[in-house]
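Engineer: For the sequence shown, the residue numbers in full-length UniProt numbering are 1 to 168. Okay, handing you the structure first.
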Amino acid sequence: MQVVHLLNKLYGLFDEITSLYDVYKVETIGDAYMVTSGAPLRNGLNHVSEVATMALHFISAISSFSVPHISEKAIMLRFGIHSGPVVAGVVGSVMPRYCLFGDTVNMASRMESNSKPLRILLSERTSTLLQKKGGFLMEKRETMQIKMSDSEKFNISTDSNDSTPSTQ
């Protein structure tokens, strides 16, 4: 019951933050929270900065989040962002859900699983789009092998006193 209470409180916070950005919460699976931007409504290059800024907001908000039954432990979120085409649609008839499918979804999941706690791991494609958008400082991450990708990976950098995007 404590886990359900924790996830309810955490997802409530995430839903509140998500509502401030041009993103759409696709689903939550266990402790994973998946969002998209630019689908179902396209928003040009804004999708990449909306998701990145939202992830930075999550990191900032989680710093003051306490776990009631284990207050000495911090929540250690990981983020992964990848940009690209997806197949999207409503699936199911009894409990219809808007779902995303494709290599872009799989790569975003791999970015998250290879990220470090309280960091945002970006694919090279996403990093390039964020550079075009401007307003973010990124650092190259050490080389890693990720299935379906042999390109470079980047982390978004934040000032140690503030979790807002660092400007270039």
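Where is the CB? At the ideal position from N, CA and C, for every residue including glycine.
Report the three-state DSSP secondary structure of Leu122 (helix, strand or coil).
Structural biologist: Residue 122 sits at position 122 when you count from the first residue of the sequence shown. Residue state, collapsed to three classes: strand.
Engineer: Residues in its own chain within less than 6 Å of Ala39 by CB, not counting five upstream and five downstream?
Structural biologist: On the sequence shown, position 39 is the one that residue 39 refers to. Once the five neighbours on either side are set aside, the close Cβ partners of Ala39 are Ala88.
Engineer: Since Gly89 is in the beta strand (DSSP E), which residue starts that stretch and which ends it?
Structural biologist: As a position in the sequence shown, residue 89 is number 89, starting the count at 1. Its beta strand (DSSP E) spans residues 87 to 91.
Engineer: Just checking, does the stretch 73 to 83 make contact with the stretch 38 to 52 on the three C-beta pairs under 8 Å criterion?
Structural biologist: Touching, per the Cβ criterion.
Engineer: My output table needs one value for Met54: the three-state DSSP class, helix, strand or coil.
Structural biologist: For this step, residue 54 is matched to residue 54 along the sequence shown. DSSP places Met54 in helix when its eight states are reduced to three.
Engineer: Who are the near neighbours of Ser113 in its chain, counting only those whose CB is closer than 8 Å to its CB and skipping five residues on each side?
Structural biologist: Within the sequence shown, residue 113 is the residue found at index 113, counting from 1. Same-chain partners within the cutoff: Arg78, Gly80.
Engineer: Are Met107 and Leu122 touching if we call contact CB-CB under 8 Å?
Structural biologist: The count along the sequence shown starts at 1 and reaches residue 107 at position 107. The count along the sequence shown starts at 1 and reaches residue 122 at position 122. Going by C-beta atoms, Met107 is not nearer than 8 Å to Leu122.
Engineer: For the beta strand (DSSP E) containing Tyr11, name the first residue and the last one.
Structural biologist: Counted from its first residue, the sequence shown places residue 11 at position 11. Looking at the DSSP string, Tyr11 is not in any beta strand (DSSP E); the run it does join, the alpha helix (DSSP H), is 2 to 18.
Engineer: Which whole-angstrom value describes the C-beta separation of Ile17 and Phe65, a residue pair presumed to lie in contact below a C-beta threshold of 8 Å?
Structural biologist: Translated into the one-based positions of the sequence shown, residue 17 becomes position 17. Translated into the one-based positions of the sequence shown, residue 65 becomes position 65. Their Cβ separation, rounded to whole angstroms, is 11 Å, which puts Ile17 and Phe65 out of contact at 8 Å.
Engineer: Do Ala52 and Leu130 have their CB atoms nearer than 8 Å?
Structural biologist: Within the sequence shown, the letter at position 52 stands for residue 52. Within the sequence shown, the letter at position 130 stands for residue 130. Yes, the Cβ-Cβ distance between Ala52 and Leu130 is below 8 Å.
Engineer: Which residues in the same chain have their Cβ closer than 8 Å to the Cβ of Asp31, if we skip the five residues on either side of it in sequence?
Structural biologist: In the sequence shown, counting from the first residue as 1, residue 31 sits at position 31. Cβ neighbours of Asp31 beyond the five flanking positions: Leu7.
Engineer: Quick one, which of Ser60, Ser109, Thr28, Asp22 has its alpha-carbon nearest Arg42's?
Structural biologist: Counting from one through the sequence shown, the residue named residue 42 turns up at place 42. Closest by alpha carbon: Asp22.
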